[in-house]
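Asks: Quick one: the structure is below, questions incoming.
In the working numbering, the protein residues as written are 10 to 631.
What follows is the structure in structure tokens.
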């Protein structure tokens, strides 16, 4: 049962949360920033409504089990009766999702707080226990005769759920019997969920002693130093990260091996052949489509990342970039700190230029404290948009440090937020969007913001800096994420044969990094352990290719928008409003795009190559 959905930004997971530069700015210097008001979910962690809703969910799940178990096939002979059962299931999904969302967001605000960790754990356990009463539901739906179900879906109250039933049918070959599904669900609390929590709490509690800093820094602050204008600070941060990761490498290796084995057990029992098949199914994307994407991106490494980093090395006056130079700002780039009010204006103006409706939705996030922006001790690193449940609204989290990259992150997460708001009318079962398409609105929001800023660039120097920044973003979104995907594939494939040592994990990491980054980057000793902290490997195996999918898709979409494709804005909004109710092929068809065509991916990559071409041309101008 899907309870809540969180879309996590990972545009530069290995590097800085802000790849654009300068030094950390005190929150007080950035203007008043919003923090979450979670009262639309629950007023506090001890609100009596929480215990009431936990009990109500458990009671309703027990009632549904008594009312529907063993009877769904019979109910399906009458579309109206089956519709009642589906609506009951949907309503309960929303209630449980509300509880899960609040617990997750409350915990994310301060993961190092034992009380919040306990609250999160207790709510998760309660919901897991409740959900076991509902395991029969989807299993029995998949046992209904195809002809009987097809007839039922013609009923006016049921036919809107046809896409959900279609997707459910795809799960059928991989479902187990009820007892086994119950065991898998209950054991997840002491299995995957516990190991993931251990990883999260370890990362949020790290104290990293960076040379030149009086006090130890948190992970987010240290990663931010990797984009500092001062190479000494970048080097110090990189070395401190390496030292800290090495000190904890046994733990990270154990977590990685355990979760990879956990996935292998699940995949084997569920008859998934390839290590990424379960992710492809969840994403509603076919393996050949992903294979075509990966092949296209890898083939383009020399024309994209390799070419760009060679140019950047020259800009920095080096034969080769050190690993800590990859996200260094350009030497001629003016130092700039963007205060929060300006960041808000930049993003909203860009959204408004595309469609006033889009800006209007995004403005609600600022006005109603649906954003948690300041960096705070113990707060979850990175950024994400939590869709929560259709009956409430999404929440955006980020760690704002005043960098141009942070403005892009804000535009990215608000893109998710707008998408989630538009899809709410689909309801709990159909609103959630597969990850591949979920990244479309976020990356499109970034592109709108970038193009708006680029159009205002006053001189060639400024334009060069902005283009270079965007190229790095796109490399981090496409090239880096495909490299991460290749790393995951090798790790999970080898884990099927036995445990991987820390040394072997390091070797695999360096192999994919050398291939993707190219000869212009000198990967210094210590970089081999940087795989250890990347959250997507832990939270959502093989998630990362969704970023590349979304970026290439957006490049193609934006090209059509720039060419004044007929009815583009209307078609775009319809795509977002569809949520998870349509396959990517159906959503792209109105635009004349087909992800099964290899040329589709090359078209997206050519946008990146074109920007690098422009930078090279600028270099030739005396």
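Glycine included, every Cβ here is placed at the ideal spot set by N, Cα and C.
With a threshold of 9 Å between beta-carbons, can residue 503 be considered close to chain B, or not?
Replies: You won't find chain B in this structure, because it holds only one protein chain.
Asks: Whose C-alpha, out of 324, 106 and 253, is nearest the C-alpha of residue 529?
Replies: Taking the chain shown and counting its residues from 1, one reaches residue 529 at position 520. Checking every option, the nearest Cα to that of residue 529 belongs to 324.
Asks: Quick one: what's got a C-beta closer than 8 Å to residue 624's C-beta in the same chain, skipping five residues either side?
Replies: As a position in the chain shown, residue 624 is number 615, starting the count at 1. The residues are 317, 320, 473, 476, 477 and 480.
Asks: What residues match up with residue 570 in a beta bridge as DSSP calls it?
Replies: Here residue 570 refers to the residue found at position 561 of the chain shown. According to DSSP, which records beta bridges pairwise, residue 570 is partnered with nothing at all.
Asks: So, do the region 64-73 and the region 96-113 have three or more beta carbon pairs nearer to each other than 8 Å?
Replies: Verdict: yes, contact present.
Asks: Once DSSP output is grouped into helix, strand and coil, what is the label at residue 393?
Replies: As a first step, residue 393 is located in the chain shown; it is residue number 384 there, counting from the start. Strand.
Asks: Taking 8 Å as the cut-off, does the region 77-88 touch the region 346-360 (at least 3 CB pairs, one atom from each stretch)?
Replies: In short, these stretches do not touch, since the Cβ pair count stays below three.
Asks: In angstroms with no decimal places, state the Cα-to-Cα distance between residue 133 and residue 111.
Replies: For this step, residue 133 is matched to residue 124 along the chain shown. For this step, residue 111 is matched to residue 102 along the chain shown. The alpha-carbon atoms of residue 133 and residue 111 are separated by roughly 11 Å.
Asks: Give me, in chain order, the residues of the same chain whose beta-carbon lies closer than 6 Å to that of residue 439; leave out the 5 immediate sequence neighbours on both sides.
Replies: Here residue 439 is taken as the residue at index 430 of the chain shown, counted from 1. Closer than 6 Å at the Cβ level, and outside the excluded window around residue 439, lie 173, 588, 589 and 590.
Asks: For my contact list, residue 452 and residue 370 are in at a C-beta cut-off of 8 Å; report their separation, rounded to the angstrom.
Replies: By 1-based counting over the chain shown, the position of residue 452 is 443. By 1-based counting over the chain shown, the position of residue 370 is 361. Contact doesn't hold; Cβ gap of about 17 Å is too wide.
Asks: Residue 405 bridges to which residues according to DSSP?
Replies: Indexing the chain shown from 1 puts residue 405 at position 396. Residue 405 pairs with 380 and 394.
Asks: Mind checking whether residue 441 and residue 400 have CB atoms under 9 Å apart?
Replies: The residue labelled residue 441 in the question sits at position 432 within the chain shown. The residue labelled residue 400 in the question sits at position 391 within the chain shown. Not a contact, by the Cβ cut-off of 9 Å.
Asks: Alpha carbons only, please: which of 578, 411 and 253 is nearest the one belonging to residue 600?
Replies: Along the chain shown, one-based indexing puts residue 600 at 591. It is 578.
Asks: Helix, strand or coil for residue 153, going by three-state DSSP, please let me know.
Replies: On the chain shown, residue 153 is found 144 positions in, with the first residue counted as 1. Note: residue 153 maps to coil in three-state DSSP.
Asks: For the candidate residues 491, 560 and 516, whose alpha-carbon lies nearest to that of residue 304?
Replies: Residue mapping note: residue 304 aligns to position 295 of the chain shown, counting from 1. Checking every option, the nearest Cα to that of residue 304 belongs to 491.
Asks: Using 9 Å as the threshold, is the C-beta distance between residue 284 and residue 501 below it?
Replies: As a working note, residue 284 is residue 275 in the chain shown. As a working note, residue 501 is residue 492 in the chain shown. Their beta carbons are under 9 Å apart, which means residue 284 touches residue 501 by this criterion.
Asks: Which residue wins for smallest C-alpha separation from residue 408, given the options 422, 398 and 266?
Replies: On the chain shown, residue 408 is found 399 positions in, with the first residue counted as 1. The candidate whose alpha carbon is nearest that of residue 408 is 422.
Asks: Rounded to whole angstroms, what's the CA-CA distance from residue 32 to residue 241? Just pull it up for me.
Replies: Your numbering for residue 32 matches position 23 in the chain shown. Your numbering for residue 241 matches position 232 in the chain shown. Note that residue 32 scores 34 on pLDDT, short of 50, meaning its location in the model is unreliable; the coordinates nonetheless yield the value given after this. Their Cα atoms are separated by approximately 12 Å.
Asks: Distance, Cα to Cα, residue 197 vs residue 180?
Replies: As a working note, residue 197 is residue 188 in the chain shown. As a working note, residue 180 is residue 171 in the chain shown. Each residue's alpha carbon lies about 19 Å from the other.
Asks: For residue 517, which of helix, strand or coil comes out of DSSP?
Replies: The residue given as residue 517 occupies position 508 in the chain shown. The answer is helix: DSSP assigns residue 517 an H, G or I state.
Asks: Would you call residue 571 buried or exposed, if buried means 16 or more other Cβ atoms sit within 10 Å of its Cβ?
Replies: Counting from one through the chain shown, the residue named residue 571 turns up at place 562. Classification for residue 571: exposed.
Asks: Starting from the Cα of residue 292, find the closest Cα among 617, 583 and 556 and give me that residue.
Replies: Here residue 292 refers to the residue found at position 283 of the chain shown. It is 556.
Asks: Using alpha carbons as the reference points, say which of 619, 76 and 185 lies closest to residue 279.
Replies: In the chain shown, the residue the question calls residue 279 occupies position 270. Here the closest residue by C-alpha is 185.
Asks: According to DSSP, residue 226 sits in a beta bridge with which residue or residues?
Replies: In the chain shown, the residue the question calls residue 226 occupies position 217. Paired residue(s): 217.
Asks: I need the straight-line Cα distance from residue 629 to residue 228, nearest angstrom please.
Replies: As a working mapping, residue 629 is identified with position 620 in the chain shown. As a working mapping, residue 228 is identified with position 219 in the chain shown. Answer to the nearest angstrom: the Cα atoms are 40 Å apart.
Asks: Let me make sure I understand the geometry here. Which of 616, 52 and 533 has the alpha-carbon closest to that of residue 250?
Replies: As a working note, residue 250 is residue 241 in the chain shown. That would be 533, whose Cα lies nearest to the Cα of residue 250.
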